[in-house]
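Residue numbers (the numbering used here): 60 to 328.
Remarks on the structure that follows.
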Amino acid sequence: MTDLTDDPLYVILRSKREATRFQILVEIAEHQPAIRQQEIAGKLGVTPQAVSEYIREMVDEGLVTAHGRGRYEVTKGGIEWVLRHAEALESYARHVNRDIIQQVAVWTAIARDEIQKGDTVGVFMQDGWLYATKEEQSATGRATMDAGPGEDLGVAQLNGIIEHAEGLIHVCKVPRVERGGSRQVSIDLLREAIQNVEMVGAVGLESYVALKKANIEPDMFFGSREGVIEAAFHGRECAILIVDEEFTDFLKRLETVGLTYTIHDLIAP
60 MTDLTDDPLY
70 VILRSKREAT
80 RFQILVEIAE
90 HQPAIRQQEI
100 AGKLGVTPQA
110 VSEYIREMVD
120 EGLVTAHGRG
130 RYEVTKGGIE
140 WVLRHAEALE
150 SYARHVNRDI
160 IQQVAVWTAI
170 ARDEIQKGDT
180 VGVFMQDGWL
190 YATKEEQSAT
200 GRATMDAGPG
210 EDLGVAQLNG
220 IIEHAEGLIH
230 VCKVPRVERG
240 GSRQVSIDLL
250 REAIQNVEMV
260 GAVGLESYVA
270 LKKANIEPDM
280 FFGSREGVIE
290 AAFHGRECAI
300 LIVDEEFTDF
310 LKRLETVGLT
320 YTIHDLIAP
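Here it is as structure tokens:
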């Protein structure tokens with residue numbers, strides 16, 4: 060029999076204590092090293108004394124290190140603990156969104172035909188967009204309003220599987236400026252790596268400048284990590300130029316969400 064106390068999701072959802080520990084670790088990680096326990100207490104709805112006790116316990120457990128009064132840092136073990144529980148919560152949220160909420164939610168699609176309220180419509184994805192049509196598809200729903208071709212349409216009672224392939228992500232590592240930055244990037248290798256992609260994101264000014272040197276304007280800069288992931292989930296083939304200090308963490312993120320990627324070395328031999 061599985062011990063549910065070893066399940067990060069069970070621990071976070073069932074235990075107020077563990078949920079509070081999770082939130083405190085996140086707050087410390089966000090504001091370290093100078094932490095105001097009173098501010099954390101106000102955010103979480105607990106007393107400053109409780110926050111102090113939680114932090115003391117986490118110091119004893121090696122999740123947090125203390126550097127004098129009010130100065131704390133999350134340890135490597137603490138970061139791994141947070142990531143493990145965050146990944147479990149993310150997986151659960153995705154399950155809720157994909158498998159549960161879709162049964163009661165109203166989805167927005169683009170009408171391909173003249174559709175009347177109450178019509179049964181086929182739903183499919185093309186080029187990352189959700190469409191509704193009178194033609195039979197592997198997924199069906201009920202139109203919640205009238206709509207003409209090209210208009211946005213509400214679709215409820217979605218059933219079946221919306222067939223689409225998730226997009227490949229081309230991950231291109233760019234050195235940080237102290238290691239040469241965009242000057243180390245081969246423009247020919249860059250263009251070759253992204254020649255067939257539909258969307259390009261950049262993380263770090265070094266990546267942005269490298270793209271500009273190739274006369275390429277990135278589709279995303281701010282929030283590009285999540286933007287590329289979301290686009291790939293919708294079937295778009297993407298590329299992301301990312302500075303080397305962010306590279307490994309981004310690959311771990313892709314592994315967590317289960318997307319396919321390929322790595323490109325942009326430095327000329």
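Note that beta-carbon positions come from the ideal geometry of N, C-alpha and C, so glycine has one too.
Everything numeric in this text was worked out from a predicted model, so none of it was measured.
**Q.** Own chain partners of D178 with C-beta closer than 8 Å, once the 5 adjacent residues on each side are dropped
**A.** Position 119 of the sequence shown holds residue 178. K193, R201 and A202, listed in sequence order.
Q.
When you compare the CB positions of A327 and S245, do they come within less than 9 Å of one another, or not?
A. As a first step, residue 327 must be located in the sequence shown, where it is residue number 268. As a first step, residue 245 must be located in the sequence shown, where it is residue number 186. Contact flag set, yes.
Q) How about V259 and P277: do their beta carbons lie closer than 9 Å? A) Residue mapping note: residue 259 aligns to position 200 of the sequence shown, counting from 1. Residue mapping note: residue 277 aligns to position 218 of the sequence shown, counting from 1. A contact, by the Cβ cut-off of 9 Å.
Q. Name the DSSP bridge partner or partners of H183?
A. Residue mapping note: residue 183 aligns to position 124 of the sequence shown, counting from 1. Rather than His, the amino acid found at residue 183 in this sequence is Phe. Per DSSP, Y190.
Q | Residue-level contact to chain C via CB, G129, 9 Å cutoff | A | Reference to chain C is not applicable here, since this structure consists of a single protein chain.
Q. Quick one, which of L325, F292, F81 and L313 has its alpha-carbon nearest L300's?
A. Translated into the one-based positions of the sequence shown, residue 300 becomes position 241. If we check each option's Cα against that of L300, L325 comes out closest.
Q | CB of R115 within 9 Å of CB of G226, strictly | A | Translated into the one-based positions of the sequence shown, residue 115 becomes position 56. Translated into the one-based positions of the sequence shown, residue 226 becomes position 167. No, Cβ-Cβ distance for R115 and G226 is not below 9 Å.
Q: Please go through the same chain and pick out, in chain order, the residues whose beta-carbon is closer than 8 Å to the beta-carbon of V123, but skip the five residues on each side of it.
A: As a working note, residue 123 is residue 64 in the sequence shown. Once the five neighbours on either side are set aside, the close Cβ partners of V123 are L84, I87, I114, M117, Y131, E132, V133, T134 and G137.
Q: Would you give the residue range spanned by the beta strand (DSSP E) that H229 belongs to?
A: In the sequence shown, counting from the first residue as 1, residue 229 sits at position 170. Run containing H229: I228 to V233, per the beta strand (DSSP E) assignment.
Q.
Tell me the rounded alpha-carbon separation between R238 and E265.
A. Here residue 238 refers to the residue found at position 179 when the sequence shown is read from its first residue. Here residue 265 refers to the residue found at position 206 when the sequence shown is read from its first residue. One C-alpha to the other measures close to 11 Å.
Q | Cross-strand partners of A298 (DSSP beta bridge) | A | The residue you call residue 298 lines up with position 239 of the sequence shown. BP columns for A298 point to H229 and V259.
Q. If you follow the beta strand (DSSP E) that I322 is part of, which residue opens it and which one closes it?
A. Here residue 322 refers to the residue found at position 263 of the sequence shown. I322 -> beta strand (DSSP E) spans Y320 to D324.
Q | Pick from T199, V180, Q216 and E173 that is closest to A164, judged by C-alpha positions | A | The residue labelled residue 164 in the question sits at position 105 within the sequence shown. Nearest option by C-alpha distance: Q216.
Q. Secondary structure at R312, three-state DSSP: helix, strand or coil?
A. Reading the sequence shown from its first residue, position 253 is the one you call residue 312. In the structure shown, R312 sits in a helix (DSSP, three-state: H, G or I).
Q: Specify, as a first and last residue, the run of the beta strand (DSSP E) that I169 falls within.
A: Here residue 169 is taken as the residue at index 110 of the sequence shown, counted from 1. That run of the beta strand (DSSP E) goes W166 to A170.
Q | Straight-line Cα distance separating D119 from M60 | A | Residue 60 sits at position 1 when you count from the first residue of the sequence shown. Residue 119 sits at position 60 when you count from the first residue of the sequence shown. Legend: pLDDT at M60 = 42, less than 50; position of this residue unreliable, value from coordinates given subsequently. Going by the C-alpha atoms only, they are around 31 Å apart.
Q: Determine which residues share a DSSP beta bridge with V133 and list them.
A: Position 74 of the sequence shown, counted from the first residue, corresponds to residue 133. V133 pairs with V123.
Q.
Beta-carbon within less than 7 Å of I79's beta-carbon, same chain only, minus the 5 sequence neighbours each way: which residues are those?
A. Translated into the one-based positions of the sequence shown, residue 79 becomes position 20. For the record, residue 79 in the displayed sequence is Thr; it is not Ile. Cβ-Cβ distances below 7 Å link T79 to L103, V105 and Y113 in the same chain, with the five nearest sequence neighbours on each side left out; the list follows chain order.
Q | Residue from G209, L189, H229 and R312 whose Cα sits closest to the Cα of H223 | A | Here residue 223 corresponds to residue number 164 of the sequence shown, with the count starting at 1. Here the closest residue by C-alpha is L189.
Q: List the residues that DSSP assigns as beta-bridge partners of V214.
A: Numbered from 1 along the sequence shown, position 155 holds the residue referred to as residue 214. Bridge partners of V214: W166 and A202.
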